[in-house]
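Worksheet for the structure shown next.
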Amino acid sequence: MPTAKQLTVGVENRPGMLGEVGSALGAKKVNILAFMATVTDNRGTIRMVVDKPAAAKRVFAEHRWETTEEEVLKVTLPDEPGSLGRIAHRLREASVNIQYAYGGLGPSARRVNAYLGVSDLKVALIAVR
């Protein structure tokens with residue numbers, strides 16, 4: 007299974023902030039492949055996978071948005087009942103904890119990519135083969 011570069015962006019929690027991030031990326035022709043946005047302690051956090059991580063990081067730096075980068079597990083799942091459960095079970099059997107997960111478009115309409123932040127990426131890569 008492959009991995010993906012995930013960018014995590016810390017932003018102010020206010021109306022329109024997600025739109026600002028999306029528009030700033032779009033202006034530089036960076037496509038968002040998957041994302042999730044949350045708020046904790048009145049601070050916005052956006053985790054995302056994009057097609058051009060280096061360009062996205064430059065956009066975030068220009069706007070002075072806090073950014074971190076990490077590798078996450080990328081699993082392409084068939085569009086069928088139980089597919090996420092099977093992968094999660096294999097990770098559990100390998101004692102890998104899923105810390106968060108979100109989905110995005112897969113390579114076809116019949117597939118979806120799941121991006122998993124896991125406790126042990128090396129073990130997870132072996133477990134989901």
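Just add 6 to wherever you are in the sequence shown, counting from 1, and you've got my numbering. Ideal Cβ positions, reconstructed from N, Cα and C, are used throughout, including at glycine.
Same chain only: Cβ atoms within 7 Å of Asn19, ignoring 5 sequence neighbours per side: The count along the sequence shown starts at 1 and reaches residue 19 at position 13. For Asn19, same chain residues with a beta-carbon under 7 Å away, outside a window of 5 residues either side, are Val45, Asn48, Arg49 and Gly50 in chain order.
Under DSSP, the alpha helix (DSSP H) around Arg96 begins and ends at which residues? Mapped onto the sequence shown, residue 96 falls at position 90. Taken as a continuous stretch (DSSP letters only), the alpha helix (DSSP H) holding Arg96 covers Ser89 to Glu99.
Close-in-space but distant-in-sequence residues of the same chain around Glu76 (CB under 7 Å, 5 per side omitted): Counted from its first residue, the sequence shown places residue 76 at position 70. Gln12.
Could you round the C-beta distance between Lys80 and Tyr121 to whole angstroms and report it? I think they count as a contact, below 8 Å. Taking the first residue of the sequence shown as 1, we reach residue 80 at position 74. Taking the first residue of the sequence shown as 1, we reach residue 121 at position 115. Rounded, the Cβ-Cβ distance is 6 Å, consistent with contact.
Closest to Val17 by CA distance: which of Val124, Gly28 and Asn119 is it? Taking the sequence shown and counting its residues from 1, one reaches residue 17 at position 11. When each option's Cα is compared against that of Val17, the closest is Gly28.
Using 8 Å for Cβ pairs, my map puts Phe41 next to Arg53. What's the rounded Cβ distance? On the sequence shown, position 35 is the one that residue 41 refers to. On the sequence shown, position 47 is the one that residue 53 refers to. Sure, about 7 Å apart at Cβ, within 8 Å.
Can you give me the Cβ contacts of Asn37 inside the same chain, cut-off strictly under 7 Å, excluding the 5 residues immediately before and after it? For the purposes of this step, residue 37 is taken as residue 31 along the sequence shown, with counting starting at 1. Excluding residues within five positions, the ones whose Cβ falls inside 7 Å are Val56 and Asp57.
Please classify Gly22: is it buried, with 16 or more other beta-carbons within 10 angstroms of its beta-carbon, or exposed? In the sequence shown, counting from the first residue as 1, residue 22 sits at position 16. By the neighbour-count rule (16 or more Cβ atoms within 10 Å), Gly22 is not buried but exposed.
Considering only the beta carbon of each residue, do Glu99 and Ala60 sit closer than 8 Å? As a first step, residue 99 must be located in the sequence shown, where it is residue number 93. As a first step, residue 60 must be located in the sequence shown, where it is residue number 54. Contact: no.
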